[in-house]
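Asker:
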Amino acid sequence: MTDALTLNDALWVLLLGSLLGLELIGKVPPTLHTPLMSGANAISGITVLAALTLIIKAGPSGNTTLMVLGSISLGFALFNVIGGFLVTDRMLAMFGRKPSRRQEKN
Amino acid sequence: MTTALVLKYAIELVAVLLLALGIKGLSKVRSARSANQLAAAAMALAVVGVLVNYLGAGGIDGAAWIWIILGTVVGGLLGAITSQRVPMTSMPETVALFNGCGGMSSLLVALGVALYPAVGSDGEGAGSVVEAISIVVSVFVGAITFSGSIVAMGKLQGWLDTPAWMQSKARHFLNIALAVISLVAAIALVGSGNGLWLLVIASSLLGIGVTLSIGGADMPVVISLLNSYSGVAAAAAGFVVGSQLLIVAGAMVGSAGLILTQVMCNAMNRSLTNVLFGGALGASANQADQGEYQGITSCSPEECALTLETAQRVVFVPGYGLAVAQAQHIVREVAELLEAGGAEVAYAIHPVAGRMPGHMNVLLAEADVPYEQLIEMEAINPEFPRTDVVIVLGANDVVNPQARNDASSPLYGMPVLNVEEATTVFVVKRGLSAGYAGIKNSLFERPNTSMVFGDAKKVLTSLAAELRDLGVGKTPAKVG
Chain A
1 MTDALTLNDA
11 LWVLLLGSLL
21 GLELIGKVPP
31 TLHTPLMSGA
41 NAISGITVLA
51 ALTLIIKAGP
61 SGNTTLMVLG
71 SISLGFALFN
81 VIGGFLVTDR
91 MLAMFGRKPS
101 RRQEKN
Chain B
1 MTTALVLKYA
11 IELVAVLLLA
21 LGIKGLSKVR
31 SARSANQLAA
41 AAMALAVVGV
51 LVNYLGAGGI
61 DGAAWIWIIL
71 GTVVGGLLGA
81 ITSQRVPMTS
91 MPETVALFNG
101 CGGMSSLLVA
111 LGVALYPAVG
121 SDGEGAGSVV
131 EAISIVVSVF
141 VGAITFSGSI
151 VAMGKLQGWL
161 DTPAWMQSKA
171 RHFLNIALAV
181 ISLVAAIALV
191 GSGNGLWLLV
201 IASSLLGIGV
211 TLSIGGADMP
221 VVISLLNSYS
231 GVAAAAAGFV
241 VGSQLLIVAG
251 AMVGSAGLIL
261 TQVMCNAMNR
271 SLTNVLFGGA
281 LGASANQADQ
291 GEYQGITSCS
301 PEECALTLET
311 AQRVVFVPGY
321 GLAVAQAQHI
331 VREVAELLEA
341 GGAEVAYAIH
351 PVAGRMPGHM
361 NVLLAEADVP
371 YEQLIEMEAI
381 NPEFPRTDVV
391 IVLGANDVVN
401 PQARNDASSP
411 LYGMPVLNVE
421 EATTVFVVKR
431 GLSAGYAGIK
441 NSLFERPNTS
451 MVFGDAKKVL
461 TSLAAELRDL
471 GVGKTPAKVG
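Protein chains in written order, with our numbering: chain A, 1 to 106; chain B, 1 to 480.
(1) Candidates B:Val210, B:Lys429, B:Pro92, B:Thr387: which alpha carbon is nearest B:Leu417's?
(2) Under the assumption that B:Ser243 contacts A:Ala50 (Cβ atoms under 8 Å), give the Cβ distance between them as a whole number of angstroms.
(3) Do you know offhand how far B:Ala249's Cα is from B:Ala456's?
(4) Compare the beta carbon distance of B:Ser149 and B:Leu226 with 8 Å and say whether it is the shorter of the two.
(5) Take B:Val232 as the anchor and find which of B:Asn381, B:Met43, B:Ile330, B:Gly100 has the nearest alpha-carbon.
(6) Helix, strand or coil for B:Val390? Go by DSSP, reduced to three states.
(7) Given this structure, state the Cα-to-Cα distance separating B:Val452 from B:Gly394, to the nearest angstrom.
(8) For a quick check, are the C-beta atoms of A:Lys57 and B:Val119 less than 8 Å apart?
(9) In three-state terms, what does DSSP make of B:Thr449?
(10) Interface residues of chain A around B:Lys24 at Cβ under 7 Å?
(11) Round the Cβ separation of B:Val275 and B:Val221 to the nearest angstrom and send it over; I've been treating them as touching at under 8 Å.
(12) Can you give the Cα-Cα distance for A:Thr6 and B:Leu160, rounded to whole angstroms?
(13) Can a CB atom of chain A be found closer than 8 Å to the CB of B:Cys299?
(14) Could you check whether the Cβ of B:Glu93 sits closer than 8 Å to any Cβ belonging to chain A?
(15) Taking 8 Å as the CB-CB limit, is B:Met219 close to chain A?
(16) Which same chain residues, not among the five before or five after B:Leu260, have their C-beta less than 8 Å away from its C-beta?
(17) Residues of the region 11-42 of chain B with a CB closer than 8 Å to any CB of chain C: list them in chain order, please.
(18) What would DSSP say about B:Pro220, mapped onto helix, strand or coil?
(19) Would you report the Cα separation of B:Tyr347 and B:Leu107, rounded to the nearest angstrom?
(20) Can you list, in chain order, the residues of the region 394-422 of chain B whose Cβ is nearer than 9 Å to any Cβ on chain A?
(21) Using beta-carbon positions only, say whether B:Val42 and B:Ala15 come within less than 8 Å of one another.
(22) How about B:Asp455: is its C-beta nearer than 8 Å to some C-beta of chain A?
(23) At the 8 Å Cβ level, is B:Cys304 part of the contact set with chain A, yes or no?
(24) On the criterion of 16 or more Cβ atoms from any shown chain inside 10 Å, does A:Pro60 qualify as buried, or is it exposed?
(25) What are the complete alpha helix (DSSP H) segments, minimum 4 residues, inside the region 401-428 of chain B?
(26) What residues from chain A crowd round B:Gly79, counting only those whose CB sits closer than 8 Å?
(27) Is it buried or exposed, B:Gly112, if we count other Cβ atoms within 10 angstroms and call 16 or more buried?
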């Protein structure tokens, strides 16, 4: 067994992942459509991993252009991930509030 | 197999499991918040997994660390600030912005590997046709996601208008031409390694061309679809760098996003092809339905309060106009007064109320409206005949009876709230302007409908004052 991902493996992973995604979202109350979209959006920022890999692999050869490119990519991805999860949490926190703890903000 | 490798596999498996549980949990109200945190934890774990793997296998170069930290700090900080600063009313734009950045990230990764193939996947696919195809897909989908999301954000913010020629058939030719150029560039890139920049440019323009002609009402569907694309782009980037975790997560988001898009289309009675290629709904409707209103009755908040005083059952229909006027808190105050006066109060939530499915729920929850009072369309429609007063607040197309009665209306077939079946309907609106769909609303001309002209917040504030004067709910609800 090696670290390398064979094409066959990758295609199976793609297929099963897609099927899993179809199954996971069966019934969603309309209330949660916006938070769900926002949460799924944050998960799509998983490209952080690709950006990280790019920078690390560029390291030994001292390829600065590539490292800068990777760094920008990492920034974009983390903007998506961190912003996405936090904003989703902000939305969902509102559903959990008890009506008794009412506070006017304005 | 080294220890680091075993650890990497273990971490990746756990991360995938947690991500899947996270998406699953996000579809239930009770578990949604913890599920979101679970997914965030899974993401953090995955990042640790990558770092551990490379630390175990040869370490990470000092220069690489600097760029990692720089990207992390800048991106993470901006993301955190943005997420806390944006008002809840701008949620659709915010999701579009985040989403576009995810697409951009995939695009840049593919660009990096295309320019310097040595950093690509270590697998058998390295340098092969498969890798070239992965790069093409990642660039193409990533660019469309980015430019499309930015246009969607601009349109929702009101920064961008649809130019007139984009409404004409000419745009189809332009988009087809851009798609063909992208295809040619893609084939060239796979075949000879040339055409990378042409592909980047053509697919970015294609993203703009396709999104720019779509009307504001359909934008949520587009954002959801672009969200699905960003998953596809991530999966393609997974092929490029050879990471199972990326492929699984990207594929999950991609297919889950498609389902969500379909659900939204159903709620709006629009087919996906119609949304993407039909152009803005308003454009075709303008000539036919922009007649003058006749027989409109209007009344003051005072008269409205007199009717409400005796009402037993009151239903509020909040729309985006309510959110724009920032009137969520004051509507809750009016509702509490009525409840204290013995009336039964509910909020009718159309699936696409606000600007995105579920957006209105978020906005009302922010104003502490009890969750049980938010009733979905299917549940509340049979209740309207026994409702005394309906107050429509800044909603328009979702209460248009033409969607049921008038087969020639562009709205025909869209599920709407049957508010006109109630005894009295008050429509709080600033003027008689048309809604997103740009068509006349026959509800306003009904004999049992009264228009209360004015800004939702001002009208509701004076309504609350009038109700107190009338002694409704004797002990006024506490504010503050």
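Using N, Cα and C, we set each Cβ at its ideal position, and we do this for glycine too.
Answerer: By the coordinates alone:
(1) One-based indexing of the second sequence puts residue 417 of chain B at position 417. For B:Leu417, the nearest C-alpha among the options comes from B:Thr387.
(2) Position 243 of the second sequence, counting from 1, holds the residue named residue 243 of chain B. Position 50 of the first sequence, counting from 1, holds the residue named residue 50 of chain A. Between A:Ala50 and B:Ser243 the Cβ distance is about 7 Å, and since that is below 8 Å, they are a contact.
(3) In the second sequence, the residue the question calls residue 249 of chain B occupies position 249. In the second sequence, the residue the question calls residue 456 of chain B occupies position 456. Inter-residue distance for B:Ala249 and B:Ala456 is about 43 Å (C-alpha atoms, whole angstroms).
(4) Numbered from 1 along the second sequence, position 149 holds the residue referred to as residue 149 of chain B. Numbered from 1 along the second sequence, position 226 holds the residue referred to as residue 226 of chain B. At a Cβ-Cβ threshold of 8 Å, B:Ser149 and B:Leu226 count as neighbours.
(5) Locating residue 232 of chain B in the second sequence gives position 232, where the first residue counts as 1. Out of B:Asn381, B:Met43, B:Ile330, B:Gly100, the CA that lies nearest to the CA of B:Val232 is found in B:Gly100.
(6) Within the second sequence, numbered from 1, the residue matching residue 390 of chain B stands at position 390. DSSP places B:Val390 in strand when its eight states are reduced to three.
(7) Counting from 1 along the second sequence, the entry for residue 452 of chain B is found at position 452. Counting from 1 along the second sequence, the entry for residue 394 of chain B is found at position 394. Taking the straight line from one Cα to the other gives about 11 Å.
(8) Position 57 of the first sequence holds residue 57 of chain A. Position 119 of the second sequence holds residue 119 of chain B. Cβ distance < 8 Å, so A:Lys57 and B:Val119 count as in contact.
(9) Counting from one through the second sequence, the residue named residue 449 of chain B turns up at place 449. Looking at B:Thr449 - three-state DSSP - the assignment turns out to be strand.
(10) In the second sequence, counting from the first residue as 1, residue 24 of chain B sits at position 24. Near B:Lys24 (Cβ distances below 7 Å), the residues of chain A are Leu24.
(11) Locating residue 275 of chain B in the second sequence gives position 275, counting from the first residue. Locating residue 221 of chain B in the second sequence gives position 221, counting from the first residue. Between B:Val221 and B:Val275 the Cβ distance is about 5 Å, and since that is below 8 Å, they are a contact.
(12) By 1-based counting over the first sequence, the position of residue 6 of chain A is 6. By 1-based counting over the second sequence, the position of residue 160 of chain B is 160. Straight through space, the alpha carbons of B:Leu160 and A:Thr6 are spaced by roughly 45 Å.
(13) Along the second sequence, read from residue 1 onward, the residue named residue 299 of chain B stands at position 299. No - not a single Cβ of chain A is within 8 Å of the one on B:Cys299.
(14) Numbered from its first residue, the second sequence carries residue 93 of chain B at position 93. Not closer than 8 Å to any Cβ of chain A, the Cβ of B:Glu93 fails to qualify, so no.
(15) As a working mapping, residue 219 of chain B is identified with position 219 in the second sequence. It does not; no Cβ of chain A falls within 8 Å.
(16) What you label residue 260 of chain B is simply residue 260 of the second sequence in a count that begins at 1. Result list for B:Leu260: Ser224, Asn227, Ser228, in chain order.
(17) Absent from the structure: chain C. Protein chains present are A and B.
(18) As a first step, residue 220 of chain B must be located in the second sequence, where it is residue number 220. B:Pro220 falls in the helix class under three-state DSSP.
(19) Taking the second sequence and counting its residues from 1, one reaches residue 347 of chain B at position 347. Taking the second sequence and counting its residues from 1, one reaches residue 107 of chain B at position 107. Each residue's alpha carbon lies about 43 Å from the other.
(20) Only those residues of the region 394-422 of chain B whose C-beta falls short of 9 Å from the nearest C-beta of chain A would be listed, and there are none.
(21) Numbered from its first residue, the second sequence carries residue 42 of chain B at position 42. Numbered from its first residue, the second sequence carries residue 15 of chain B at position 15. Here residue 42 of chain B is Ala; the residue named in the question, Val, does not match the sequence. Yes; because the gap between Cβ atoms is below 8 Å, this pair is in contact.
(22) Numbered from 1 along the second sequence, position 455 holds the residue referred to as residue 455 of chain B. For B:Asp455, the answer is no, since every Cβ of chain A falls outside 8 Å of its Cβ.
(23) As a first step, residue 304 of chain B is located in the second sequence; it is residue number 304 there, counting from the start. False, the Cβ-Cβ gap to chain A never drops below 8 Å.
(24) The residue you call residue 60 of chain A lines up with position 60 of the first sequence. Label assigned to A:Pro60: exposed.
(25) Listed in chain order, the complete alpha helix (DSSP H) runs (minimum 4 residues) inside the region 401-428 of chain B are 402-405.
(26) If you number the second sequence from 1, residue 79 of chain B lands on position 79. Per Cβ cutoff of 8 Å: Leu78, Phe79, Asn80, Val81, Ile82, Gly83, Gly84, Leu86.
(27) What you label residue 112 of chain B is simply residue 112 of the second sequence in a count that begins at 1. Its Cβ being crowded by 16 or more others within 10 Å, B:Gly112 is buried.
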